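**Q** Input: one structure, supplied below.
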């Protein structure tokens, strides 16, 4: 390959970042002057985003650094300290408030902040302003050095001063706290599992500085990724204590006592930095201090007060709330598993105080302090891996706000009110009841209806008849009504409904109790009776020809209020199910007729009546459909069986001709009912709820509920967040729930009744919400655009469908809105491609290749169904389909799919909807793994021309003949693997653009007339400083020049122009911009002159406005 000199830049920036969803790497709260309104400052790549945590709004966005992501933020009295890597700057708070006040809208394109960027001598881990001296502060760096700095007179520049360090090990974490005007307390966690605690002293008189090592803690079995110094804790009688929390990749959180006690020997004091190394023979006084690592003193070898293991992988951060006194302290940990976990640290304050006083009096430091860390809650509100940023704020009423930012670019906010005054004394959200406690508060029954005292009575059947009213029967035949108190919404007040002896006897055999409308319920019994509960009374309304097994009420919200329609499944009769119509005015059954052609072996579990179409779901996944005409039901064609698990609910989606069915296999399916049969429109299984029970629509959001492990889960599928989680013991129990403004959930467990009442947000001990939506939690590997929807596939095995929208009244405000998430693949996605607006193809490891069909469901959003699964797998099924290309074959709906396999095979299949895959041609390369495949031509006679790329750097051109691919031409373009490829046909030639693992950009010209022979080769040897993983053609100019873009692991996005002068390729670099997307995996062009970069995050770049 010949390498051409790159031309000069075109004047002016040609690439402008339009929108980005990148990892959140820094968070900090900023309170207003009156301390009533907090703001959340978020580091999103190079930008500082300011959010209103109360309203959840983005207020403004400021660009801080030019090519460096923000890693940390610290708020001082007048300035905000911002750093990343070695870069550091200070932003006046007045400037932030000015931008907030002047910003009538939040712009997608950040405004450039007027700051001066300084460069510290090393990687920065923490920084803090002095509370005593305005404009003064310190930084701690990766080699355990404290660097003093001061702000320039204009408050925007930084000048560095003294550097202090007792030793220079490599740190993975550090924390700083000012103890006085001239003393800083430093905690550092090293790579090798030690925790160094030392003081940095700055002398004002002679401008000297010195350090004092207080502790060297050991015990962790891995690198220390997080340390946090607690505020002073009041131990009583004027004694104060302090703790240090640490976390590590050994998955433990440890608490260390770092209270200062006079008379305790210090590890070492010295006034100059020292080097640390392996096997050093240095015997200087500074080097002598190294002995604290291998031969620690008593202070250095102290054991932790408490230790616990948590998370399922490495723990990145541990945090104390800013202020907390008392025997129980809340601690927060944040992990690689993307969870926030809360812990209660219980300490015996009296023993701790005695320990401090004993040491202060010169006694031995052996007073044992009882302490214990207890796990309280786990919040898994991020996708994928890693919580990178945290911030904690304690408000005046005791409420603690905990913000988390993840690799998925999402920001979540936990309001922990467990210590807030306004919720103290309120009933618990989850309580248990036993029948005897309820009966003890009820008026005594008459003698003729008395229940023997020795009878073991328990709750039997129950259901909500409205949002706040629970109707229940007991094993002795009682009928009880429980009403949630209006004040707290958590306490239940019970009353017993008077019944006759006959009714009471019948209710002992109650087999089904179902809500039939607001304040109304239908009850069925094993002795064939049907009862109606309404207006606080119960009455028998009819009998059925068999034992009642279950009841399904069919009335919808807009149904005739004077009648009630329901189905009754029967046991022991000739008919399996009866359709009943109840006249509510006369309280009599006005019509009853059997549901025809039902197999008695089916156990029906769900039913729905839409207009005059009756839909039934069964325990084994079968569905039945009937058309009603008067008192007759006629069978209609049933949809294809999609599961062997129980269908748990069938619900009509409001304002549409669609129904949604949930199943215990974890899938929910949307069917169209406008035709004579059900047509599947969408199918997906949210991983958050693997056992679905029901679904409903709240506003415009789809809400799902079901079970995961031992928990009952309510999940917002539209917003992709968990609303409620209740530990109830699992799905195998009787339960009921209501969903209005709040969720209430009731379940039986042994002989008790568990009752959960969701409190309003202001009274919830812990309220979790999403402040900013995110993207994949792992690296995006493929992007494809259909003309409306953008599909992304990532290492998290999920496919996300996005809409990139512009605000109708604000052209600067743009949003990348995720409209669908499907997670079916079992390995990371390799490639995605749309064909038109309806067909989406995806591939991954394990030879997985899926065909999806997309449909517009109107108000129900986008429907996505898995139409076909690639069946032609190898015996072991362990190959990777690394790349593929698709093209239409004729007008019959057939598709040509060419796949590149990791075993060096290239294969082309014909796919026909409903018929499957047919092999057309295959060929094998040299044995190197194929990485790319593209169609060059598909002739009318069925001859295929394709080009492939491989890990050995070769391009290969193939032609099909008699079911085999014949190798036509090869050319070595790169020294190693070809990672990216795009092809563009123009003027009798095809230009193949390639990006390699060798950092080079390759340009290969194929001549169409010469059977796609290689007639030109060019490239740029060092196009990037790392592998080029993404490459795409952008446009062809009027002069026949080609514009294209590349993305690389060096986090640069570049735009190039390829032209020809006298038949020789000429390459010009048009733009070279920093990208916030690390580990870039793909590029894709979208309409409006924009290109999307995917990797660890997503970016949208505008390129067409100036090209």
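Numbering (our numbering), first residue to last: 331 to 1437.
Yeah, the Cβ is synthetic: ideal placement off N, Cα and C, and Gly gets one too.
From a predicted model like this one, the values you see are computed outputs, not experimental measurements.
State the DSSP-derived secondary structure class of residue 1006, mapped to helix, strand or coil.
**A** Position 676 of the chain shown, counted from the first residue, corresponds to residue 1006. If DSSP states are grouped into helix, strand and coil, residue 1006 belongs with coil.
**Q** Where are the alpha helix (DSSP H) runs, 4 residues long or more, that stay fully inside the region 1022 to 1082, in chain order?
**A** Those alpha helix (DSSP H) runs which fall completely within the region 1022 to 1082 and span 4+ residues do not exist here.
**Q** What's the call for residue 556, buried or exposed, on a 16-neighbour Cβ count within 10 Å?
**A** Start at 1 with the first residue of the chain shown, and residue 556 comes out as number 226. Looking at its Cβ environment, which holds 16 or more other Cβ atoms inside 10 Å, residue 556 is buried.
**Q** Less than 6 Å between C-beta atoms, sequence neighbours within five positions excluded: which residues of the same chain meet that for residue 626?
**A** Within the chain shown, numbered from 1, the residue matching residue 626 stands at position 296. Low confidence applies here, because residue 626 scores a pLDDT of 36, under 50, leaving its location unreliable and the question unanswered by this model.
**Q** For residue 807, count neighbouring C-beta atoms within 10 Å of its own C-beta (all shown protein chains included) and say buried if the count is 16 or more, exposed if not.
**A** Working through the chain shown from its first residue, we reach residue 807 at position 477. By the neighbour-count rule (16 or more Cβ atoms within 10 Å), residue 807 is buried.
**Q** Report the option in 871, 484, 1000 and 449 whose CA atom is closest to the CA atom of residue 478.
**A** Taking the first residue of the chain shown as 1, we reach residue 478 at position 148. Ranking the options by Cα distance to residue 478, first place goes to 449.
**Q** Where does residue 1433 sit, in a helix, a strand or coil, going by DSSP?
**A** The count along the chain shown starts at 1 and reaches residue 1433 at position 1103. Coil at residue 1433, not helix or strand.
**Q** Among 838, 571 and 1198, which one has its Cα closest to the Cα of residue 684?
**A** Along the chain shown, one-based indexing puts residue 684 at 354. Checking every option, the nearest Cα to that of residue 684 belongs to 571.
**Q** State buried or exposed for residue 1379, treating a residue as buried only when at least 16 other CB atoms are found within 10 Å of its CB.
**A** Translated into the one-based positions of the chain shown, residue 1379 becomes position 1049. Counting Cβ neighbours within 10 Å, residue 1379 comes out buried, since at least 16 surround it.
**Q** Can you tell me where the beta strand (DSSP E) holding residue 399 begins and where it ends?
**A** Counting from 1 along the chain shown, the entry for residue 399 is found at position 69. Where residue 399 is concerned, there is no enclosing beta strand (DSSP E), given that its DSSP letter is neither H nor E.
**Q** List, from N- to C-terminal side, the beta strand (DSSP E) runs of 3 residues or more that fit wholly inside the region 467 to 536.
**A** DSSP runs (the beta strand (DSSP E)) wholly in the region 467 to 536: 476 to 481, 488 to 494, 501 to 510, 513 to 520 and 525 to 532.
**Q** Does residue 1190 come out as helix, strand or coil in the three-state DSSP assignment?
**A** Residue 1190 sits at position 860 when you count from the first residue of the chain shown. In the structure shown, residue 1190 sits in a helix (DSSP, three-state: H, G or I).
**Q** Do residue 1287 and residue 1323 have their C-beta atoms within less than 8 Å of each other?
**A** Stepping through the chain shown from its first residue, residue 1287 is reached at position 957. Stepping through the chain shown from its first residue, residue 1323 is reached at position 993. Contact flag unset, no.
**Q** Of the choices 1262, 1273 and 1126, whose alpha-carbon is the least far from that of residue 715?
**A** Numbered from its first residue, the chain shown carries residue 715 at position 385. That would be 1126, whose Cα lies nearest to the Cα of residue 715.
**Q** Using a threshold of 8 Å, state whether the C-beta atoms of residue 1011 and residue 1193 are closer than that.
**A** Along the chain shown, one-based indexing puts residue 1011 at 681. Along the chain shown, one-based indexing puts residue 1193 at 863. Yes.
**Q** What does the alpha-carbon distance come out to for the pair residue 953 and residue 844?
**A** Taking the chain shown and counting its residues from 1, one reaches residue 953 at position 623. Taking the chain shown and counting its residues from 1, one reaches residue 844 at position 514. If you take the alpha carbons of residue 953 and residue 844, they lie about 22 Å apart.
**Q** Once the 5 residues before and after residue 1426 are set aside, which same chain residues still bring their CB inside 7 Å of it?
**A** As a first step, residue 1426 must be located in the chain shown, where it is residue number 1096. 353, 737, 1109, 1407, 1408 and 1409.
**Q** Going by DSSP in three states, residue 1259 sits in which element: helix, strand or coil?
**A** Translated into positions along the chain shown, residue 1259 becomes position 929. Correct three-state label for residue 1259: coil.
**Q** Measure the beta-carbon distance from residue 409 to residue 423 and round it to whole angstroms, keeping in mind my assumption that it falls under 8 Å.
**A** On the chain shown, position 79 is the one that residue 409 refers to. On the chain shown, position 93 is the one that residue 423 refers to. Correct: roughly 6 Å between the Cβ atoms.
**Q** Pick helix, strand or coil for residue 1421, following the three-state DSSP scheme.
**A** By one-based count along the chain shown, residue 1421 stands at place 1091. It is a strand residue.
**Q** Quick check: what's the CA-CA separation for residue 397 versus residue 1297?
**A** On the chain shown, residue 397 is found 67 positions in, with the first residue counted as 1. On the chain shown, residue 1297 is found 967 positions in, with the first residue counted as 1. If you take the alpha carbons of residue 397 and residue 1297, they lie about 45 Å apart.
**Q** Is there contact between the region 523 to 535 and the region 637 to 654, where contact requires at least three CB pairs shorter than 8 Å?
**A** No, the region 523 to 535 does not touch the region 637 to 654.
**Q** Could you pull out every residue in the same chain whose Cβ sits closer than 6 Å to the Cβ of residue 812, ignoring the five residues on either side in sequence?
**A** For the purposes of this step, residue 812 is taken as the residue at position 482 of the chain shown. For residue 812, where only same-chain residues beyond five positions count, the Cβ hits under 6 Å are 800, 822 and 824.
**Q** Find out if the Cβ-Cβ distance for the pair residue 793, residue 1066 is shorter than 8 Å.
**A** Within the chain shown, the letter at position 463 stands for residue 793. Within the chain shown, the letter at position 736 stands for residue 1066. A contact, by the Cβ cut-off of 8 Å.
**Q** Taking all protein chains shown into account, decide if residue 1327 is buried (16 or more other Cβ within 10 angstroms of its Cβ) or exposed.
**A** Indexing the chain shown from 1 puts residue 1327 at position 997. It counts as buried.
**Q** Who are the Cβ neighbours of residue 682 in its own chain at under 6 Å, not counting the five residues just before and after it?
**A** For the purposes of this step, residue 682 is taken as residue 352 along the chain shown, with counting starting at 1. Within the same chain, residue 682 has close Cβ partners 565, 571 and 699.
**Q** Would you list the one or two residues that DSSP bridges to residue 559?
**A** Taking the first residue of the chain shown as position 1, residue 559 is located at position 229. Answer by DSSP bridge pairing, in chain order: 574.
**Q** From the DSSP output, in three-state form, read off residue 1254 for me.
**A** Numbered from 1 along the chain shown, position 924 holds the residue referred to as residue 1254. Note: residue 1254 maps to strand in three-state DSSP.
**Q** Would you check if there are 3 or more beta carbon pairs closer than 8 Å linking the region 1390 to 1406 to the region 1077 to 1091?
**A** In short, these stretches do not touch, since the Cβ pair count stays below three.
**Q** What number of angstroms, rounded off, separates the C-alpha of residue 1004 from the C-alpha of residue 941?
**A** Your numbering for residue 1004 matches position 674 in the chain shown. Your numbering for residue 941 matches position 611 in the chain shown. In a straight line, the C-alpha of residue 1004 is about 11 Å away from that of residue 941.
**Q** Could you give the residue range of the alpha helix (DSSP H) that holds residue 846?
**A** Reading the chain shown from its first residue, position 516 is the one you call residue 846. Unbroken run through residue 846 is the beta strand (DSSP E), 840 to 847; no alpha helix (DSSP H).
**Q** For residue 1156, list the residues DSSP reports as bridge partners.
**A** The sequence position of residue 1156 within the chain shown is 826, counting from 1. None, per the DSSP bridge assignment.
**Q** Which one or two residues does DSSP pair with residue 294 in a beta bridge?
**A** Given that the chain is displayed from residue 331 to residue 1437, the structure contains no residue 294 and the question cannot be resolved.
**Q** Do residue 468 and residue 518 have their C-beta atoms closer together than 8 Å?
**A** Position 138 of the chain shown holds residue 468. Position 188 of the chain shown holds residue 518. Contact: no.
**Q** Take residue 810 as the anchor and find which of 765, 347, 349 and 567 has the nearest alpha-carbon.
**A** Here residue 810 refers to the residue found at position 480 of the chain shown. Of 765, 347, 349 and 567, the residue nearest in Cα terms is 765.
**Q** Compute the Euclidean distance between the alpha carbons of residue 1431 and residue 1163, then round it to the nearest angstrom.
**A** To locate residue 1431, count along the chain shown from 1; it is residue 1101. To locate residue 1163, count along the chain shown from 1; it is residue 833. Roughly 21 Å between the two C-alpha positions.
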